[in-house]
Every structure is written in C-alpha cells, then in structure tokens.
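The sequence shown lines up with residues 1 to 404 when you count with full-length UniProt numbering.
Built from N, CA and C at the ideal position, the CB exists for glycine as well.
Predicted model only: the values in this text are computed from it and were never measured.
To keep things clear, I will list the structure first and then write my remarks on it.
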Amino acid sequence: MATASSQPVYRATTTAPVNIAVIKYWGKRDTTLNLPTNSSLSVTLSQRSLRTLTTASASAKYPAEDTLNLNGKPQDIQSSKRTLACLSNLRALRKSLEDADASLPKLSTLPLRIVSENNFPTAAGLASSAAGFAALVRAIANLYQLPQSPRELSRIARQGSGSACRSLMGGYVAWRTGEQADGSDSLAEEVAPASHWPEMRALILVVSAEKKDVPSTEGMQTTVATSDLFATRAQTVVPERMDAIEVAIRDRDFPKFAEITMRDSNTFHATCLDSWPPIFYMNDVSRAAVRLVHDINRAVGRTVAAYTFDAGPNAVIYYEEKDSELVAGTVKAILGASASGWEGPFYEVLANVTVPGVSLDNIDSRVLDVLKGGVSRVILTGVGEGPVTVEDHLVTETGEIVTK
Ligand code: DP6
C-alpha cells in the first residue's frame, strides 16, 4: 500500500468574477433547490478589479472530511447545506465518468481540500457569495474534468447561492426561472459576450453601513410572504423587463438599458419597503447617489448613467466608456480625496481629469455633502469575462495550503 507521502495530490485552480444584476433576483419558489420566482439578468464585472481565486484539490493523504479555507480561515462546511449540495452534485458527475471509464483515478472517493481568496476586502460589503460559489463549482468541475458546459454547471452553482449561477459566464448573463419542479431548467445563459458591448463601465460607490442588513436569503423570504406588490413584480413587471433589456443589450441602446436598470432597482427596493416588517437596504447616501444620477442625466440632456442597488447601501453606477468624464469625472470631482480606491486598471482615462464633467451647479448641494461624507471607497471597473483557469495554485504539490 502507498504511504501517505507518496499519495498524489490532484489540483485545479480557477478565478471567478462578481456580477451585478440589472434585473434583480428576489424571491424563491423553492428554498431547498434555490429556485427563483423570476428570471434575472446581470453584468459580469472585470476580474482585473474584483475576483475570487479558488484551488480545489483531492488526495487520499487528506483527513476524511472535505475542508474549505476562505481568506485564510477554515469554514464550517459540514453545516452548510448549500456547500454540501454543490459538493455532492459534482461528486456524482465525477462518479458517473469513473463508472464509464475504469482507467480514471477515483477522485470522487477522495477528500477535498478547497482554498479560496478574494482580492477585495470583505468589509466592502460587496456580494462575494456569487464569485465564491462560482469559483468553487468551476474549480471542482476542472479538478474532476467534467464535460458539462457552464450552463449545465450553473444548475449546481445556483444551489450554493442563486446569484452565483450568473458568475460562471462573462458579459451579459440571464438566469431563467425555469418551469420544472426539480429545477432542471433553472439555468444561467449568456445573452451576449463582453466583446459585444465592451464599453460598459461600472462605478461602485462603497457606502459604509452602520449595522448589518437583513441577509438576502431571509429578506427575500419575508418579501415573498408579506408584500402585496411582490406578485405583480414577479409575474408581470420582470418578464416584460427581461424582454426589453435583452433587446437594449442586443442594440447596445444605453438609454433603454439604463432606464430599465434604474426602474428595476427601484421596484425591487419598493417590494422591500412593502414587506412586513419593512426592509431597508438603501440609506441616505444611496438616495443621494440616485439623485446625483438623475441630476447628471438631466444636465447632460440624455441618459448617460444608471444606478442599481443590491441588498445593501452600495451604489453601482453603469455608464459607457465614452461618457467617463461626464459620469465618473463628476463623481471624482465631488468626492475628491474623501474616497479612496480610484486607482486600478480602468482609471487611466480619468487620471488627468481635473474638472467635473458636469458643472456641480447642476447637482443638489445636499447631495454633494451627503456623498462626500458617506462614500468611503470607489471601485472603477467594467464588464468582463467569466472564470479563467490559472496555475496560481493555493495548495502546494504536496497538499499544503499556500500562505501569502
Ligand atoms: C439583491 O444570490 O445572495 O443581489 O440565493 O439566497 O444566496 P441566495 O441569494 P443571493 O441574492 C442576491 C440578491 C440580489 C439580486 C441579484 O443579485 O440578482
């Protein structure tokens, strides 16, 4: 029998991106399978700014239980039903490959050691579960050499976190509700690659929240159970918007894309306010960002910017590269030195901008004060690609966790 040190360590490493929805997923029709009440659509953000890096490894030399280490800390995956569901689905797919081909190493029987790192601070309050579960599923699928497409793997990532299914692809990604009770048709698919509309930019205004928000899983359950507006949103409003925004993306029609994005964020937050007890994710700083975008669009005379908010106060402002000075240049002039983080791969175009793209006389003065006091950090990014296989392993050849 082989000694522990001679047991091979199998490894695969991938990156996965963050995505920010423009048509929001909010509500589950099945909490175990994580099936949504409505379709959603997101923009995958560049991994040059935000990404999760995950190594999946398997070896007979590891202790019997699977482990996950995230940002240097061991996680309790045995009590995370969602993680266990992802692992057992992936193992079953590997097992069927092994059953069909006896020459394959029996990786499905080996314990897993998964190591994951985000390149952005968790404190920024950015949805990291989407990138995290997408990276976990992609890394294990690579380790197991599964032939399934990203669309097929999205069925598994969805069970980790709904929004994660959209991070398996780049560009503009839809998650279709599906109709089957077993969730087999509740899948993500690419609506358009990043190269179709590469000029899309996203400015993330990181707003410090005083206390923790209602977690999205819990918040959406309350909304489904108590909001009267909710059913209309899920059944009527979203299906129409899905069709319309796909046309806007196909035509690269920013004003249409922007109006649908802003209205959908507003409708989603309206159903939160209509929940009982009401749920508030946006705060005064978020509302100042809304006002700012409307003031910029009015001053310019066309829609050059669109805001959207997830289950927290951070604002994401979409705009096209050609309008960088008008949108990001104005935000830069307002925030000045009060927000950090302006450097980064998308910043060059703004580095030399010293005057606001839109005169600050056009912006409500209270909005300027609230933003200056409430935005702590800015991340300037844009549409990007899906997961990428890399050799930058977080587990050594002999199975140790790499400490950075
Ligand atoms: C507001 O995907 O975090 O960001 O499936 O319960 O893990 P779970 O929820 P999650 O919800 C995301 C909600 C949202 C909208 C969106 O990303 O579509």
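- Segment contact: the stretch 385–402 against the stretch 104–119, three or more CB-CB distances shorter than 8 Å; contact assigned.
- Taking a contact to require three or more Cβ pairs closer than 8 Å, the stretch 307–320 and the stretch 248–265 qualify as touching.
- Look at ASN118: its beta carbon is at least 7 Å from all of the heavy atoms in the ligand DP6.
- Three or more beta-carbon pairs drawn from the stretch 323–341 and the stretch 361–373 are found closer than 8 Å, and the two stretches are therefore classed as touching.
- Residue environment analysis places GLN235 among the exposed positions, since fewer than 16 neighbouring C-beta atoms fall within 10 angstroms of its C-beta.
- Apart from the 5 residues on each side of it in sequence, THR83 sits with its Cβ closer than 6 Å to the Cβ of ILE77 in its chain, given in chain order.
- Taking the Cα positions, GLU190 is about 4 Å away from VAL173.
- The beta carbons of LEU205 and ASN283 sit no closer together than 8 Å.
- Rounded to the nearest whole angstrom, the CA to CA distance from GLY344 to SER46 is 11 Å.
- Bounds of the beta strand (DSSP E) holding GLU189 are 188–192.
- By the neighbour-count criterion, in which a residue is buried when 16 or more other Cβ atoms sit within 10 angstroms of its Cβ, ALA194 is buried.
- Pairing PRO198 with VAL383 gives a Cβ-Cβ distance under 8 Å.
- Note on PHE280: under 16 other CB atoms within 10 angstroms of its CB, so exposed under the neighbour-count rule.
- Around GLU65, the same chain offers GLN78, PRO111 as residues with beta carbons nearer than 8 Å, after the five sequence neighbours per side are excluded.
- Taking a cut-off of 8 Å for Cβ pairs, the stretch 240–247 and the stretch 286–297 do not touch, as fewer than three such pairs fall below it.
- Here THR261 really is in contact with VAL22; their C-beta atoms are around 4 Å apart, less than 8 Å.
- Among the bridge pairs identified by DSSP, ALA56 is matched with ALA12, ILE114.
- Secondary structure at GLN180: coil, using DSSP grouped into helix, strand and coil.
- When secondary structure is reduced to three states using DSSP, ARG48 falls in the coil class, being assigned neither helix nor strand.
- As for any alpha helix (DSSP H) of minimum length 4 sitting wholly inside the stretch 301–341, the runs are 324–335, ordered along the chain.
- Annotation for LYS106: no beta strand (DSSP E) segment contains it, and DSSP assigns it neither H nor E.
- If you ignore the 5 residues before and after SER338, its C-beta comes within less than 6 Å of the C-beta of LYS372, all in its own chain and listed in chain order.
- Taking all protein chains in view, the Cβ of SER149 is surrounded by fewer than 16 other Cβ atoms within 10 Å, so the residue is classified as exposed.
- Here GLY382 is bridged, per DSSP, to ARG201.
- In this structure, DSSP gives VAL402 a state outside helix and strand, which the three-state scheme calls coil.
- SER167 is the residue among SER167, SER324, LEU107 whose C-alpha sits nearest the C-alpha of THR14.
- Judged by DSSP in its simplified three-state form, LYS24 adopts coil rather than helix or strand.
- Taking each of GLU152, ILE249, PRO239, SER275 in turn and checking the Cα distance to ASP264, the smallest one comes out for PRO239.
- LYS61: not part of any beta strand (DSSP E); DSSP gives it neither H nor E.
- Rounded to whole angstroms, the gap between the alpha carbons of THR109 and SER88 is 11 Å.
- With 16 or more other CB atoms across the displayed protein chains lying within 10 angstroms of its CB, TRP26 is buried.
- Between SER184 and SER227, the C-beta spacing is not below 8 Å.
- The C-beta distance from ALA100 to ARG151 rounds to 22 Å, too long to fall under 8 Å, and the pair is not in contact.
- Per DSSP, ASN69 is not a residue of any alpha helix (DSSP H); the beta strand (DSSP E) it occupies stretches across 67–70.
- For the stretch 237–302, there is no continuous beta strand (DSSP E) assignment of 3+ residues that stays within its boundaries.
- For LEU90, the closest alpha carbon among the candidates CYS165, ILE140, THR67, GLU385 is that of ILE140.
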